[in-house]
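Protein sequence lines correspond, in order, to chains A and B.
Just so you know, we're using my numbering here: the first sequence kicks off at 1 and counts up by one.
Just so you know, we're using my numbering here: the second sequence kicks off at 1001 and counts up by one.
Please read the structure below before turning to the comments.
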Amino acid sequence: MRVSRNFLADYLDLSKVNFQQLAEKMVNIGHEYDSCGPLVSASNLVIGKVVDCQKHPDSKKLSVCQVDTGDGVFKIVCGATNVAVNQKVVVAKVGAILPGDFKIKVAKIAGVESNGMICSFAELGFDKKFLKERDWQEIMVLDDDAPLGEDALAYLQLHDEVIDFDLTTNRGDLLSMLGMAYEVGALYKLDVTYPESDFVEIADSIKDEYTLKVQTEKCKLYLAKLVKNIKIMESPVYIKNRLIACGIRPINNVVDISNYVMLETGQPIHFFDADKLKDIGVRMGKNEEVQTLDGQIRKVAENDIVITNNNNPIALAGVMGGLATEVTEKTKNIIIESAIFHPANVRNTAKKTLRSEASNRFEKGIAKERTFLALKRACYLLAKHADGQVAKYLLKHDKMSVSDVEITVSIEHVNRILGMKLTMAEICDVMERLKLPYQKGKEEICVLIPPRRLDLTIAEDLIEEIGRFIGFNKIVSAMPASVIKMGSWDKKMSYLKAIKNFLVGQGLNEVISYSLISKTDNKLFSQENGITILDPPSKEREVLRTSLLTSLLNVYNYNYARQIKNINFFEIGSVYKEKYLEEERLGILMSGVYLENKWQNQQVKVDFFLLKGLIESLFNFLGLQNRYAFVFRKMDNFHPYQTSVIEVDGQDVGVFGKVHPELANDVFMVEINLDYLYNLVVKPIKYKAPFRYPSIQKDVAFLVNEEITNLEIEKVIKKTGGRILETVTVFDLYEKDGRKSIAYSLLFRDEKRTLNEEEVLGILNKIIKAVEENFAASVRDK
Amino acid sequence: MEKTIKQLKKELKEALEKVNDLKSLNDVRVSFLGKKGKITLLKEQLKELSVANKKTVGKMFNDFREEATNLIAEQEVSLQKEALDKQLLAEKIDITLPASQLKTGSFHPLELINDEIISLFVSMGYDVVRGPEIETDKYNFERLNIPKDHPARDMQDSFYITSKHILRTQTSPIQVRMMEKNYEKGPIRMIAPGKVYRKDDDDATHSHQFMQIEALVIDENISLAHLKGTLEVTMQKLFGGTRNIRFRPSYFPFTEPSLEVDVSCFKCDGVGCAFCKESGWLEVLGAGMVHPTVLQMSGYDNKKYSGFAFGIGIERIAMLKYGINDIREFYQNHWHFLDLFKRIDKEGY
């Protein structure tokens, strides 16, 4: 919301107000601003008279002028086509500064000395949208009676200052100069004056020619007035300048008046060409179409409010007028509409059509008094600036009950919320500043809320008003004094934290990536379709991921493209499943060299078994020793022979493997369902006496068919070895001619006594026999 | 006999002088003290001596044998030391050669900030509560006093899944769920961390996904003074002990009064510098007193209880604290970016 000082000054006395300071004070009461400064940031512009104008000797486009600025005659070279003798013009003298910090100096233009510049309108620095083509090409030519040597901006009524406020959505009342006047008035203790709105009416009555029928609850107040014989022309300068200052492009007097009244009162009004309608109606849309001002044919839905003529839609209420009843250069008679449409409906319609200055105001709510005021002001201004003749009476539909809002708030309540010690006098002072009528009680005040403050509905709203004007920064801080209790982490979060600590300790970096990904990416490592977003902003953000793996691979690719190849990282995050279920997962990606010292030829490269080791130590860390297993299973986009599912207690809890080389080289990934692990019952740590008796180690190598897996053999060894077989370790492996030799180191120990060689050999032989029988194995180098 | 001892003594000395390593020393030991060594054999001769001689010569022999043993042992010690010194010299290394590159992992910077804030609040008796990222319109908006078609919905453009389900735009719905679950409708002190989503186009200052921590305190007589005290402690923990805070009135549908909170700039100590755009203040979070309607909708008696709430954007804090100027850095996960956080921070222990 752009606020012009000149505009605002119509409603309160700003003579003692510094506008920059005002902007800062407004921030302190909750209204931030984007910019604050003069409307035209130029200095030293004066009115001059062209006393001589000759063609430039060396240029066809340039003229050499002698310009009288009252304090002397200066030679100025001018490039405009319309410059001529005896014109009154705007002169930027040497030393003047134009917008964009453009300093005017003595300069030679095509060899001729120039002592200043004759200005075009565009050179005053307005936004492009306010400029016509001739504003760039032609200099401004002022009326002949423009006073020589005087300040040109003052003459043009362009001495103005503008603050562009960034308002909060609850303060619809501040989308009007009158609303702003009350707020500024509260800051400076100034009174608000209402604009003049008395006009003379002619004998013709609107009721003779027009009817009004409102058939919907969504329009509680509709007023219409007829103005006849208007003359369309340019608006007076003050209206044009104020519209420009407020960011609206002047069109002609009639259109400008409708915008001006909206800016002034906050009530958007609409003008219909009165000769193009007769029976005005307001109703909800049905399956129909309307052609709007912009020429588009728009479908009307059941929750759109429409204005009709003979029951045919002619406008989308509160959002956009229709082409058929538009005010044009030929319009003679006007119907003024000033109405209140339901905020939610306007909002809905505007969202699919156009969000405009008008719809924005309807959405935030309008005070009934302003609907009447806007109507009167429009009549007044049309009579004054468009020679309009106002017909008597008005068409009125008024089902709006304005019950007075009264809020009672106690001093104790105010101080309890603010944490301050305010007195009745201080509280009353704020009410007076805000022009809110109140009655003092003993310990409380009862405030009568005027309709212009629709945002004030409960005691807390008033407490906020008190806080705003007393100053929230006057609060003295304190800590909440309540019963001391223990704080606690979310239990699952602590579990996840422990896993993160573990993985960071293993040298992995934590990453965080987006939950929304593309459908194609989601399909890469998941069979699930995933939950899709309605109306996604892009293909990259259309589905909630059902696996972390694609995200991990994307992080890898991002870094790989930047020559970073040795990376190990993890992410813990949710995946999103059917029925809006969220599942916490761990994803790990490892690739390249894990540990190295080049000059010593030491290198540990990431491979299947390194990551397998990491997973095992994580599972052991989580107390799941002897409960997990890696089971070979082929999966899409994994290497067909280096892939596995991870089982815990026989249940799938994750996938693990080498990424298919078609996707990436030497990349290993794992994904584990942490919700499942978190919900498992894990035995508590329990003391066990350290070993007291020596162990006996036996090595044995088996030759088996290469199809036989280590796990199968290990299971048989463990089963046969029984209680005294402490560990089984593979220490050698080689394959030849379809057979493989796999060598085990077996460690035997009894916790209660020293084992003897014979009994260990006895068990070893049983193990050998069992393996031989089960796998058609033979023992190598017995 | 005495002569022989003297002779052997001489021989031993000469032999030991020639010894230059442990092996030759052992040869000497064997030739003198071994089973058939010269001194061992001499002992046989002692038996043949007279009783009188036995005593004196015997003593002389014993002394000599002890001396020989000692001499050899001494020499052994010194040779061992010499050998060790030699070995150690051979093991001399250039300690300036590069070390083995061990892996050390890092926490994501958002996790670091999250942890710092959570730890602080747990220490002040707050409970950490989590909630679903896929929320219903009811908890994300309606129960927070943002009815359908309310202009305040423009403040948070949302990702809708159905007309009822959305990706939460804030972690406040966790508070609503907590209030609802709290059957006694008694005091609450909680924080709710998590990912939130808004339908923004990603650029240097906007991200469609980000992290938030919301805090909620409900009790009897909770006021803005308590909010201020709590926020001061929080900002001092995050940005250093001398930070001040400033309240600016604002608007959120779920709080009344609502406030924007600024922290005094930690680069210039509030004097004004390029970092804080000369204002001396940095905008950090939104806060307020829980709106009575929000309390009522969750079954709380707003005559008895009041509460404050605030929401911190984790990215915002991390960007300020570490001087990061593009929010996308957090989600690109550039290795060099992640590696920056492999160490403890000042006072981060």
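Note that CB positions come from ideal geometry on N, CA and C, so glycine has one too.
Contact check, L703/A vs R780/A, beta carbons under 7 Å: Pairing L703/A with R780/A gives a Cβ-Cβ distance under 7 Å.
T1040/B versus K1006/B - alpha carbon distance: Each residue's alpha carbon lies about 15 Å from the other.
Among D279/A, D275/A, R416/A, I232/A, the one whose alpha carbon lies nearest that of I257/A: For I257/A, the closest alpha carbon among the candidates D279/A, D275/A, R416/A, I232/A is that of I232/A.
Neighbour list for V1217/B in chain A, Cβ cutoff strictly below 9 Å: Simply P480, S482.
Contact check, I411/A vs E443/A, beta carbons under 7 Å: Contact: yes.
Same chain, Cβ closer than 6 Å to V700/A, five either side skipped, listed in chain order: Scanning its chain for C-beta atoms nearer than 6 Å, with the 5 sequence neighbours on each side dropped, one finds around V700/A the residues Y744, in chain order.
Sheet register partners of D1377/B (DSSP bridge): Residue 1377/B falls outside the range modelled here, since chain B spans only 1001 to 1349, and no answer is possible.
9 Å Cβ cut-off: residues of chain B touching P268/A: Under the 9 Å cutoff, chain B gives no residues; its nearest Cβ is about 15 Å from P268/A.
Rounded separation between E1329/B and I533/A - CA only: Taking the Cα positions, E1329/B is about 24 Å away from I533/A.
Cβ neighbour criterion (16 or more within 10 Å) applied to D191/A: So D191/A ends up on the exposed side.
P343/A, enclosing alpha helix (DSSP H) - first and last residue: For P343/A, the enclosing alpha helix (DSSP H) begins and ends at 343-352.
Supposed close pair L1282/B, C1268/B - CB separation, criterion 8 Å: Between L1282/B and C1268/B the beta-carbon gap is near 10 Å, outside 8 Å, which marks them as no contact.
Beta-carbon contacts of Y1139/B that lie in its chain and below 7 Å, excluding the five residues immediately before and after: Cβ within range, chain order: P1173, V1176, R1177.
Neighbourhood of T265/A by C-beta distance below 7 Å, restricted to the same chain and skipping five residues each side: Cβ within range, chain order: S176, L178, R370, L373, A374, R377.
Alpha helix (DSSP H) segment containing R585/A, residue limits: Counting along the chain, R585/A falls outside any alpha helix (DSSP H), though it belongs to the beta strand (DSSP E) covering 581-591.
Three-state secondary structure (DSSP) of G1348/B: Because G1348/B carries a pLDDT of 49, less than 50, the predicted location of this residue cannot be relied on, and no value is offered for it.
Within-7 Å CB hit, Q1101/B to chain A: Taking Cβ atoms only, chain A reaches closer than 7 Å to Q1101/B, which makes this a yes.
Three-pair Cβ contact test at 8 Å for the stretch 1126-1139 of chain B versus the stretch 575-584 of chain A: Enough Cβ pairs lie closer than 8 Å, so yes.
Test item: CB-CB of G388/A and L395/A under 7 Å: Taking 7 Å as the Cβ cut-off, G388/A and L395/A do not qualify as a contacting pair.
Neighbour flag for G1037/B against chain A, beta carbons, 7 Å: By this cut-off, G1037/B is not an interface position.
Residue burial classification, T709/A (beta-carbon count within 10 angstroms, cutoff 16): It counts as exposed.
Counterpart residues of H1165/B in DSSP-defined beta bridges: T1136/B, per the DSSP bridge assignment.
Straight-line Cα distance separating D304/A from A154/A: Taken atom to atom, the span from the alpha-carbon of A154/A to that of D304/A is near 47 Å.
Supposed contact pair G318/A and V346/A - C-beta distance, whole angstroms, cut 8 Å: Beta-carbon to beta-carbon, V346/A and G318/A are separated by about 4 Å, close enough to satisfy the 8 Å threshold.
Contacts that G1125/B makes with chain A (C-beta to C-beta distance below 7 Å): Near G1125/B (Cβ distances below 7 Å), the residues of chain A are I484, K485, M486, G487.
Endpoints, beta strand (DSSP E) assigned at W1351/B: Because chain B spans 1001 through 1349 in this model, residue 1351/B falls outside it and cannot be assessed.
Cβ neighbours of S1078/B in the same chain (closer than 6 Å, five flanking residues each side left out): For S1078/B, where only same-chain residues beyond five positions count, there are no Cβ hits under 6 Å.
G1348/B to E1315/B span [Cα, whole Å]: Note that G1348/B scores a pLDDT of 49, beneath 50, so its modelled location is shaky and nothing firm can be said.
L1016/B in three-state terms, based on DSSP: Helix at L1016/B.
Per DSSP, the bridge partner or partners of L398/A: Strictly speaking, residue 398/A in this sequence is Asp, with Leu absent from that position. DSSP links D398/A through a beta bridge to L221/A.
Residue-chain proximity (I531/A, chain E), Cβ-Cβ < 7 Å: Among the protein chains in the structure shown, which are A and B, there is no chain E.
Integer Cβ distance of I109/A from V67/A, believed to fall under 8 Å: Wrong, their Cβ atoms sit about 14 Å apart, outside the cutoff.
Nearest neighbour of T1234/B, chosen from I1118/B, E1091/B, Q1075/B, A1073/B [CA to CA]: The shortest C-alpha separation from T1234/B is found at I1118/B.
Stretch pair the stretch 46-53 of chain A + the stretch 135-154 of chain A: three plus CB contacts closer than 8 Å: By the Cβ test, the stretch 46-53 of chain A is in contact with the stretch 135-154 of chain A, since at least three Cβ pairs between them sit closer than 8 Å.
Inter-residue spacing [alpha-carbon to alpha-carbon] between K276/A and R2/A: So the two alpha carbons sit approximately 35 Å from each other.
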